[in-house]
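Using our numbering, the first residue of the sequence shown is number 7, and each one after it goes up by one.
Think of the CB as a built atom: it goes at the ideal place given N, C-alpha and C, for glycine as much as any other residue.
Since the structure is predicted, the reported quantities are computational estimates derived from the model, not experimental observations.
Working notes for the structure below.
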Amino acid sequence: MVLAAGLTAAVTAFMGPVSFIGLIGPHLAVLLGARRMQDQLIVALLVGAALMVLYPTQLPAGSVAAILGGSYFLLLLARRRVLA
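Structure representation (structure tokens):
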């Protein structure tokens with residue numbers, strides 16, 4: 007597990023956002039509800055393309071992580087009805 011995480015970090019450091027988008031796109035597709043392989047491929051393609059369009063603007067990584075992570079955390083809390 008440590009080797010896989012280290013190799014992933016190394017590839018991301020050398021290849022930048024292209025490798026990161028390639029790694030995160032399929033996971034986001036599943037989180038967005040795509041269950042069949044064909045649906046996952048299409049949704050991952052669209053998510054990856056949308057994220058690469060945002061790439062030249064160079065948003066701070068901390069801001070993006072806070073927005074995405076915070077939103078996902080609130081979604082998980084709402085699903086468990088902790089917020090109610």
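- Task: Please confirm whether leucine 29 and threonine 14 have their CB atoms less than 9 Å apart.
- Result: Taking 9 Å as the Cβ cut-off, leucine 29 and threonine 14 qualify as a contacting pair.
Between leucine 32 and arginine 85, what straight-line distance do the alpha-carbon atoms span, to the nearest angstrom?
-> Looking at the sequence provided, one finds proline at residue 32 rather than leucine. When rounded, the distance between both Cα atoms is 22 Å.
So the alpha helix (DSSP H) alanine 19 belongs to, where does it begin and stop? 8-21
message = Let's see if you can read the secondary structure: which residues bound the alpha helix (DSSP H) around alanine 40?
response = Taken as a continuous stretch (DSSP letters only), alanine 40 belongs to no alpha helix (DSSP H), as it is neither H nor E.
Worksheet entry | Cα-Cα separation between valine 59 and valine 70, rounded to whole angstroms | 15 Å
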